[in-house]
Amino acid sequence: MARTTELDTHRRTTRDARWWFFATGKGVAGTIYILAALFPLAWMLIAGFKSKTEVIKTPFQFFPEVWKWENYVQILADPSFLRTMAWTFFGAVLFTLLSLTVNSLAAYAFARLDFRFKRTLWVIVITTLFIPAMTILLTSFIVVSNLQMLDTLAVLVLPGAASAAMVFFIRQFYLSIPSSLEEAAMLDGCNRFTIFIRLFLPLSKPPFVVMGITAFLLYWNSYVWPILTITSPDKYVVQQYLATFRSERSTELGLLMAGSVLAAAPVIILFLIFQRQIIGNIKLAGLK
Amino acid sequence: MTGRIMVHQAVHDSVVIDARGASNADDKREQRRRHDRHRYRDSKLAYVLILPAMVLLGIFVIWPAIYATFLSFQDWSFYKPPVFVGLKNYADVLADPLFLDAIVRGFIFVLLTVPPMLVLAFFFASLVVSVARRFAGVLKVSIYVPTIVSTVITSIIFVLIYDYSGGLLNWFLAQFGVAPTAWIGDPAWALVAIAVPAIWLGMGLTSLIMVAAMIDVPIEYYEAASMEGANWRQKTVYITLPQMKNVLLYLLVTGFVVAIQQLDLPLIMTNGGPVNATMLPNLFIFTHFRNDINVGYSIAAALLLFAVLGSVSAIIFRFVNSERLVD
């Protein structure tokens, strides 16, 4: 709370004598930022209402001559698009749940339990943070093909599920939970595991929201790994579907735009619902 | 529970006393064993809890990393058994002018994306901390929306905006009498054309980190400066920038690491063309993976480039987490 008050004072003090001039300038600057951020998306949304030749028509025209719902109707009526969306959504939910489970269990152990080799194991986990995806791309491919996982859901869900970054993030949160809570729970007869289930899990909502959305986004937006490992068109994920659509049906731009809008919609909606938690979480304590 | 704490305290005390007294080696060993048994009483549960994460990391990260290191010293393809060739792959990579070009291009790409992004984000943050809270909220949400849109969709949008005859950009510039340019078809412009969507995608996080850092600058400094009659520019140069030095450094280095690893945008927008103008390091390696049967070469290139980046990331991590890495 103290921070907000400080900020308000800050806001007041920066209002100089010629505040109206600055206020207008700030309004203009802010509008430019908002436009720059949202304009490409607005353009995509509007292009979805255009006929196929109209999207990059010469001379250029921002709004369609006739607003057409056909593209949205047509892409939604396409069973392959719907199947891809549903399949990607299912995979993303599965990936998110798996990732939250696996990483929070490990985070709890590293934050709250004492065990032999804890330090060594923790260093191993953290070291994996610094291995860039590109370095292990080919050998990961060899591994999943040896495990007979190519062209299955498992190849999309399993390899990224355990993540040192996520263990680290949730562990930081668990370290901040006062140990007196745990002691009280133990007095009530909880053991270490029931403490996790009945005490830590209910408290985990804030990190779970942020990490869950991060995992969902990661899955939903991934492209390179799916194009390497998924080959049957009926198992494509949505980004792969869009990229293939673009190269194979390159004239149907209105339809492609409508598809892109629909493919971006779930994650944008998810973000708008949880924006307060996500934005509120972006802080860098201890960086000064 | 209190009982347990007392036991723990007792064991702890006895160890301390024993260390002071240092009477008997056997005694000490016995004490230590009891202490360990108490200290590691949760071992079994802990191993069960970390097992899933360790197994997944082991199979999909640690083993591939070890395997990649091994393969980088081998002459190997999918069709023949590996033969040890020592550092030959590394030597080949370092002698390859195409790889070195890709690295140089990577640095140019960093210059095209990171400084503009930091400057834009700095102005954005200055704006956010000085406007009414409601407007600040709208600004923060808007700037973050592009971050969650996928690179594939971003690429599709920008390729169409850059279109030579029907694209928005050339139409807009024509209003000012500028002749149309084939933005992603012209080797002189292609890298710049890819830098713009990269900035667009990366602005959200950079800006919000800057806002968070700027809010943390003590307000008293500004109040004192205002009393001395300092203007916005002076406050920025003498208070805000020095106070944010660490955050700026952090953003500079993470920006570098992210930009030099850019893969999706050039892959989807131009596939490295025209005439390699957008062949960034990661795309170079990725293209090799797909086309070159000599796997060791690609892996050596990836390892070479990312040994450096991995170390850079490790340094940033230490810096951010100076006291919390190992408790």
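If you're matching them up, the sequences are chains A and B in order.
Here my numbering is used: position 155 in the first sequence is 413, and no number is missing along the way.
Here my numbering is used: position 183 in the second sequence is 178, and no number is missing along the way.
Each residue gets a CB set at the ideal place from its N, CA and C atoms; glycine is no exception.
On a predicted model such as this, the values are computed, not experimentally measured, just so you know.
Within 9 Å, strictly: CB atoms of residue i and residue j
i                    : j                    : result
threonine 354(A)     : valine 495(A)        : no
threonine 397(A)     : isoleucine 294(B)    : yes
alanine 367(A)       : leucine 51(B)        : no
isoleucine 540(A)    : isoleucine 204(B)    : yes
isoleucine 384(A)    : phenylalanine 426(A) : yes
leucine 278(B)       : asparagine 266(B)    : yes
phenylalanine 532(A) : valine 467(A)        : yes
arginine 456(A)      : alanine 369(A)       : no
leucine 246(B)       : glutamine 257(B)     : no
glutamate 312(A)     : glycine 517(A)       : no
isoleucine 148(B)    : alanine 473(A)       : no
asparagine 479(A)    : methionine 424(A)    : no
glycine 306(A)       : valine 525(A)        : no
isoleucine 152(B)    : leucine 500(A)       : no
methionine 302(A)    : methionine 469(A)    : no
isoleucine 288(B)    : tyrosine 74(B)       : yes
proline 431(A)       : alanine 365(A)       : Per the sequence shown, the amino acid found at residue 431(A) is phenylalanine instead of proline. Yes, Cβ-Cβ distance for phenylalanine 431(A) and alanine 365(A) is below 9 Å.
alanine 196(B)       : proline 141(B)       : Sequence inspection shows leucine at residue 196(B); the alanine mentioned does not correspond to that position. In contact: leucine 196(B) and proline 141(B) (Cβ atoms closer than 9 Å).
leucine 461(A)       : isoleucine 435(A)    : yes
phenylalanine 284(B) : valine 109(B)        : no
tyrosine 62(B)       : isoleucine 400(A)    : yes
serine 338(A)        : proline 491(A)       : yes
proline 182(B)       : alanine 97(B)        : no
threonine 393(A)     : glycine 305(B)       : yes
tryptophan 71(B)     : valine 315(B)        : no
isoleucine 537(A)    : lysine 135(B)        : yes
threonine 386(A)     : alanine 422(A)       : yes
phenylalanine 102(B) : isoleucine 255(B)    : yes
Enclosing alpha helix (DSSP H) for residue i [first to last residue]
i                    : result
serine 72(B)         : Run containing serine 72(B): none in the alpha helix (DSSP H); it sits in the beta strand (DSSP E), 69 to 72.
phenylalanine 353(A) : 337 to 370
threonine 249(B)     : 240 to 255
tyrosine 42(B)       : 38 to 52
asparagine 277(B)    : 276 to 286
tyrosine 62(B)       : 58 to 66
alanine 547(A)       : No answer is possible for residue 547(A): the residues shown for chain A start at 259 and end at 546.
glycine 470(A)       : 463 to 479
lysine 315(A)        : Premise fails: lysine 315(A) is in no alpha helix (DSSP H) and is neither H nor E.
tryptophan 325(A)    : No alpha helix (DSSP H) contains tryptophan 325(A), which DSSP labels as neither H nor E.
phenylalanine 301(B) : 290 to 315
arginine 34(B)       : 20 to 34
arginine 450(A)      : 450 to 453
leucine 498(A)       : Just to set this straight, residue 498(A) is glutamine in the shown sequence, not leucine. First-last of the alpha helix (DSSP H) with glutamine 498(A): 496 to 506.
aspartate 259(B)     : 259 to 264
arginine 377(A)      : 376 to 385
valine 482(A)        : 482 to 487
Proximity test, residue i beta-carbon vs the ligand SAM heavy atom, cut-off 8 Å
i             : result
valine 402(A) : The ligand SAM is not part of this structure, which contains no ligands at all.
> Which runs of the beta strand (DSSP E) fall wholly inside the segment 74 to 112 of chain B and span at least 3 residues, in chain order?
Replying inline: 75 to 79
> What alpha helix (DSSP H) runs, 4 residues minimum, are completely inside the segment 389 to 443 of chain A?
Replying inline: 395 to 404, 411 to 415, 422 to 433
> Going along the chain, which unbroken runs of the alpha helix (DSSP H) with 4 or more residues stay wholly within the segment 194 to 230 of chain B?
Replying inline: 214 to 222, 227 to 230
> Mind listing which residues of the segment 462 to 493 of chain A have their C-beta closer than 8 Å to chain B's C-betas, in chain order?
Replying inline: Leu475, Trp478, Asn479, Tyr481, Val482
> Which of the residues in the segment 441 to 456 of chain A, read from start to end, lie with their CB under 7 Å from any CB of chain B?
Replying inline: Glu441, Met444, Leu445, Arg450, Phe451
> If we count Cβ pairs, one from each stretch, closer than 8 Å, do we get three or more for the segment 333 to 350 of chain A versus the segment 489 to 505 of chain A?
Replying inline: yes
> At a cut of 8 Å, does the segment 191 to 205 of chain B reach the segment 113 to 124 of chain B through at least three beta carbon pairs?
Replying inline: yes
> Which residue spans inside the segment 146 to 202 of chain B form an unbroken beta strand (DSSP E) run of at least 3?
Replying inline: none
>> Taking beta-carbon pairs under 7 Å, can you tell me which members of the segment 223 to 254 of chain B lie near chain A?
In response: Asn241, Val242, Tyr245
>> Measuring CB atoms only, is the segment 214 to 226 of chain B touching the segment 178 to 194 of chain B, in the sense that at least three cross pairs come out at less than 8 Å?
In response: no
> Are the segment 222 to 242 of chain B and the segment 44 to 61 of chain B touching, with three or more C-beta to C-beta distances below 8 Å?
Replying inline: no
>> Report the start-end ranges of each beta strand (DSSP E) in the segment 116 to 142 of chain B that is 3 residues or longer and not cut off at the edges.
In response: none
>> Output needed in chain order: residues of the segment 303 to 315 of chain A with a Cβ under 8 Å from some Cβ in chain B.
In response: Ala305, Val313, Ile314, Lys315
>> For the segment 170 to 201 of chain B, list every residue whose C-beta sits within 9 Å of some C-beta in chain A, in sequence order.
In response: Pro192, Trp195, Met198, Gly199, Leu200
> Which residues, in chain order, does the segment 34 to 47 of chain B contribute to contact with chain A at a C-beta distance below 8 Å?
Replying inline: Arg34, Tyr35, Arg36, Asp37, Ser38, Leu40, Ala41, Tyr42, Leu44, Ile45, Pro47
> Any residues in the segment 264 to 294 of chain B with a beta carbon nearer than 9 Å to a beta carbon of chain A? Which ones, in chain order?
Replying inline: Pro276, Asn277, Ile280, Phe281, Phe284, Arg285, Val290, Ser293, Ile294
>> Taking 8 Å as the cut-off, does the segment 129 to 137 of chain B touch the segment 283 to 295 of chain A (at least 3 CB pairs, one atom from each stretch)?
In response: yes
> Taking Cβ-Cβ distances below 8 Å as the criterion, which residues of the segment 287 to 301 of chain A are in contact with chain B?
Replying inline: Ala287, Gly288, Tyr291, Ile292, Ala294, Ala295, Leu296, Pro298, Leu299, Trp301
> Do three or more CB pairs link the segment 34 to 41 of chain B to the segment 373 to 382 of chain A at distances below 8 Å?
Replying inline: yes
> Taking a cut of 8 Å between CB atoms, which residues from the segment 54 to 65 of chain B lie near chain A?
Replying inline: Ile54, Phe55, Val56, Ile57, Trp58, Pro59, Ala60, Tyr62, Ala63
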